[in-house]
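**Q**
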Amino acid sequence: MPIEVIVTLIILLIAITLYILTYYLKKKNYSAIDELDKRKKEAQNNMPTDKAKSLDKMMITGQTKEMADKVLESINQIEEHTLPHIESLLFEAEQATDRYKFNQSKKYQEQANEYLSQMEEETKSYTQTIDELLQREQANLKKIEGIKKKYHEIRKELLAKSFSFGSAINKLEDKLGQMEKLFTSFSDLTASGDHEEAKKVVNQLDNRLNEMEKLMADIPPILKTIQTVYTEELKEIEEGHQQLVKQDYVFPEELSIEEEIIFIEEKIQRMNELISDLKVEETRLLQEETETTIDKLYDAMELEIEAKANAQKLLNQLAKVYYYVAKQDRELTLEMDRISQSYILFKDEEKIARDLNETLDEQKKLIEHIEEQLDDKVIPHSEADELLNKAFDQLEELSESYQSLSDVLYSYRKQELSIKADLEDMETDIREMKRYIESKHLPGLPNNYLDLLFYTTDHLEQLAKELARPKLDLEEVLKLHSMCEEDCDHLAEQTEIVVDNALLTELTSQRLYRHREEYPGIMETIRYSEGLFLNEYDYETALKMVREKLESIEPGAFEEVKSRYEKEKTYD
1 MPIEVIVTLI
11 ILLIAITLYI
21 LTYYLKKKNY
31 SAIDELDKRK
41 KEAQNNMPTD
51 KAKSLDKMMI
61 TGQTKEMADK
71 VLESINQIEE
81 HTLPHIESLL
91 FEAEQATDRY
101 KFNQSKKYQE
111 QANEYLSQME
121 EETKSYTQTI
131 DELLQREQAN
141 LKKIEGIKKK
151 YHEIRKELLA
161 KSFSFGSAIN
171 KLEDKLGQME
181 KLFTSFSDLT
191 ASGDHEEAKK
201 VVNQLDNRLN
211 EMEKLMADIP
221 PILKTIQTVY
231 TEELKEIEEG
241 HQQLVKQDYV
251 FPEELSIEEE
261 IIFIEEKIQR
271 MNELISDLKV
281 EETRLLQEET
291 ETTIDKLYDA
301 MELEIEAKAN
311 AQKLLNQLAK
321 VYYYVAKQDR
331 ELTLEMDRIS
341 QSYILFKDEE
351 KIARDLNETL
361 DEQKKLIEHI
371 EEQLDDKVIP
381 HSEADELLNK
391 AFDQLEELSE
401 SYQSLSDVLY
411 SYRKQELSIK
421 ADLEDMETDI
431 REMKRYIESK
441 HLPGLPNNYL
451 DLLFYTTDHL
461 EQLAKELARP
471 KLDLEEVLKL
481 HSMCEEDCDH
491 LAEQTEIVVD
501 NALLTELTSQ
511 RLYRHREEYP
521 GIMETIRYSE
531 GLFLNEYDYE
541 TALKMVREKL
551 ESIEPGAFEE
561 VKSRYEKEKT
571 YD
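Below, the structure is given as structure tokens:
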């Protein structure tokens, strides 16, 4: 195919494509412009022009007139300026589309859409405002009828139950009188056509009636509480206090019931004044304070009545408890005298006993002083009850302390007998150790072992000497006893070591002797070990020599010897 034909086809194809594309874009823009024009016509049809004309013909004044004029002016502004401007934008968009200026057409369309959206919202708002203004008079009249009905009901109730409102009746009637003026104001405003201001009066009347209903519901029970409950309780407190004073009851210095009664009376008077001024919330705050004070006075009197019985009961109990503790004190004194003749006391027992005796005397004086104050009517029973309870606890602690000290004194004799028995056991143990060593027929004993034996024996003799004293120094005896126990334990341990070393030396030498033919140096080691064994009684070194030699020849042999020895020893 010739190149000229191909070029011609390509140009033709591009031309067709451009035609189709421009056709599509023009059609799309025309459709969007038509849609905007349709919205413009709908918005124009929805304009509340007829309602605005009706509103303009109404006889209205004041704020209602101001609102109506403002709405009418805004509607005229839309009709005279906004709508023509939207039409102009749509015309420009259509012209730009005809000239294939699609971007410019798009901008005109967007501007037209913004104006339309704003116009639609404003139209909706103005329509609603006009409807409200047209219906305001009827709405006000309908609502005022309900308010008048409620007003007459409240007025009727106020007259019928005037006695239940006390001194507040005058202020309540004044409030009703103010509402009558508002009704007159409503009628005047409605007649003049100022329905918006009349609506405010309606709302004001509604709020005041609700307030009246709440006041009429709240005031009677508050007045009843003030005039009946508080008055009766105050009278009961006064009479109760007088009776208790006649019965010689004493109250704490920080609580003056007479002053508190005056304080309550002043609060009752103040609450009546506040109720007269319809100040309900302030009255309630004073009610809380008054009730708190009344409860405090009741509690104070009940506390003293209960405390009197408790204090008397405690005095009776304390007499018995003191007698018991005083008996413990006497018995302890006798026991300490007896024990101190046989033992030197070393745990501050005498000082502790003196301190306990002093504390006992203090408690006795305290109880007697409280009893005198009660007899002289100079102390409240509640305070006495608290002090007597502390005294009771103190005496209980004293009793436990006396018992603990008594146990310490009795322990002197118990410890002496226990140590004497231990001494006999330790002497027996030493004799058995000696017989045990003798039974092994050893050639002699090492010097360090003999020193330990003599050292232990000396301590036992010293302990026996201390135990034989006419007046025992138990502190010294306890120290010696502890030393003797340690010495005996050490001696028993060393006895086993000496015997084990000696017997293991013999067994190890016998095992080593088997290798004398193979290792000529063995006999020299055995002879040297025998010299230490028989002449110096150094069983430990003798064992070490033969053990090391045996291990160098036959590794593990010594452990076999020792294991067999331990089994035979256990069996024996």
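Numbering (full-length UniProt numbering) for the sequence shown: 1 to 572. We treat Cβ as the ideally placed atom computed from N, Cα and C, and that holds for glycine.
Who does residue 343 pair with in a DSSP beta bridge?
**A** Per DSSP, 472.
**Q** So for residue 303, helix, strand or coil by DSSP?
**A** DSSP places residue 303 in helix when its eight states are reduced to three.
**Q** Given a cut-off of 8 Å, decide if residue 425 and residue 455 are closer than it, judged by their beta-carbon atoms.
**A** Going by C-beta atoms, residue 455 is not nearer than 8 Å to residue 425.
**Q** Report the rounded CA-to-CA distance for residue 464 versus residue 420, giving the unit in angstroms.
**A** Answer to the nearest angstrom: the Cα atoms are 8 Å apart.
**Q** In three-state terms, what does DSSP make of residue 61?
**A** Unreliable placement is indicated for residue 61, whose pLDDT of 49 sits below 50; the coordinate value is still reported in the next sentence. Correct three-state label for residue 61: coil.
**Q** Please report the straight-line C-alpha distance between residue 390 and residue 379, rounded to a whole angstrom.
**A** Cα-Cα distance, rounded: 16 Å.
**Q** Is the number of C-beta pairs between the region 506-516 and the region 463-479 that are closer than 8 Å three or more?
**A** Flag = no, the region 506-516 and the region 463-479 do not touch.
**Q** Residues in its own chain within less than 7 Å of residue 352 by CB, not counting five upstream and five downstream?
**A** Cβ within range, chain order: 405.
**Q** Going by beta carbon distance, what residues of the same chain come within less than 6 Å of residue 330, once the five residues before and after it are set aside?
**A** Cβ neighbours of residue 330 beyond the five flanking positions: none.
**Q** When you compare the region 285-303 with the region 356-363, are there three or more beta-carbon pairs, one atom per stretch, that lie closer than 8 Å?
**A** They do not touch, by the three-pair rule.
**Q** Taking 8 Å as the limit between beta carbons, can you name the residues of its chain near residue 457, skipping five residues before and five after?
**A** Around residue 457: 430.
**Q** Do you know whose CA, among 273, 210, 118, 257, lies nearest residue 170's CA?
**A** That would be 273, whose Cα lies nearest to the Cα of residue 170.
**Q** Could you pull out every residue in the same chain whose Cβ sits closer than 7 Å to the Cβ of residue 511, ignoring the five residues on either side in sequence?
**A** Excluding sequence neighbours, residue 511 sits near 550, 557, 561.
**Q** Where does residue 499 fall in DSSP's three states?
**A** Residue state, collapsed to three classes: helix.
**Q** Rounded C-beta distance between residue 370 and residue 473? I'm assuming under 8 Å.
**A** With a Cβ gap of about 46 Å, residue 370 and residue 473 do not count as contacting.
**Q** Would the region 296-303 and the region 247-263 be scored as touching if the rule is three or more Cβ pairs under 8 Å?
**A** Yes: the two stretches touch, three or more of their Cβ pairs being nearer than 8 Å.
**Q** Once DSSP output is grouped into helix, strand and coil, what is the label at residue 382?
**A** Reduced to three states, the DSSP call for residue 382 is helix.
**Q** Let me confirm a value: residue 237 is counted as buried when at least 16 other C-beta atoms fall within 10 Å, else exposed. Which label applies?
**A** So residue 237 ends up on the buried side.
**Q** Residue 328: buried (16+ other C-beta within 10 angstroms of its C-beta) or exposed?
**A** So residue 328 ends up on the buried side.
**Q** If you follow the alpha helix (DSSP H) that residue 351 is in, where does it begin and where does it stop?
**A** Per DSSP, residue 351 belongs to the alpha helix (DSSP H) from 349-375.
**Q** Sorted by chain position, which residues of the same chain lie with C-beta nearer than 7 Å to residue 534's C-beta, five sequence neighbours on each side aside?
**A** These residues qualify, in order along the chain: 443.
**Q** In whole angstroms, give me the CA-to-CA distance for residue 207 and residue 175.
**A** Their backbone Cα atoms lie some 12 Å apart in a straight line.
**Q** Work out the CA separation of residue 552 and residue 433 for me, nearest whole Å.
**A** Roughly 35 Å separates the two Cα atoms.
**Q** Using 8 Å as the Cβ pair cut-off and three pairs as the minimum, do the region 388-403 and the region 438-453 touch?
**A** With a cut-off of 8 Å, the region 438-453 and the region 388-403 do not count as touching, because too few Cβ pairs lie within range.
**Q** Going by C-alpha distance, which of 438, 359, 336 is nearest residue 407?
**A** Among 438, 359, 336, the Cα nearest to that of residue 407 belongs to 336.
**Q** Suppose contacts are defined by Cβ-Cβ distances below 8 Å. Is residue 356 in contact with residue 322 by that definition?
**A** Not in contact: residue 356 and residue 322 (Cβ atoms no closer than 8 Å).
**Q** Would the beta-carbon of residue 297 fall within 8 Å of that of residue 259?
**A** No. Outside cutoff.
**Q** Please report the straight-line C-alpha distance between residue 564 and residue 423, rounded to a whole angstrom.
**A** Rounded to whole angstroms, residue 564 to residue 423 spans 36 Å at the Cα level.
**Q** Grab me the residues of residue 399's own chain with a C-beta within less than 8 Å of its C-beta, minus the 5 sequence neighbours each way, in chain order.
**A** Cβ neighbours of residue 399 beyond the five flanking positions: 321, 324, 325, 328.
**Q** Note down the Cα distance separating residue 118 from residue 107, rounded to an integer number of angstroms.
**A** Rounded to whole angstroms, residue 118 to residue 107 spans 17 Å at the Cα level.
**Q** Compute the beta-carbon to beta-carbon distance between residue 265 and residue 234, rounded to the nearest angstrom, for a pair I have assumed lies under 8 Å.
**A** At roughly 7 Å, the Cβ-Cβ gap stays under 8 Å, so residue 265 and residue 234 are in contact.
**Q** Quick one, which of 499, 220, 524, 376 has its alpha-carbon nearest residue 436's?
**A** The residue with the shortest Cα to Cα distance from residue 436 is 499.
**Q** Using the three-state DSSP reduction, which class does residue 334 fall into: helix, strand or coil?
**A** Note: residue 334 maps to helix in three-state DSSP.
**Q** Find out if the Cβ-Cβ distance for the pair residue 349, residue 417 is shorter than 8 Å.
**A** No, Cβ-Cβ distance for residue 349 and residue 417 is not below 8 Å.
**Q** Work out the CA separation of residue 209 and residue 60 for me, nearest whole Å.
**A** Note that residue 60 has pLDDT 47, beneath the 50 cutoff, so the model's placement of it is unreliable and the number below is only indicative. Rounded to the nearest angstrom, the two C-alpha atoms are 28 Å apart.
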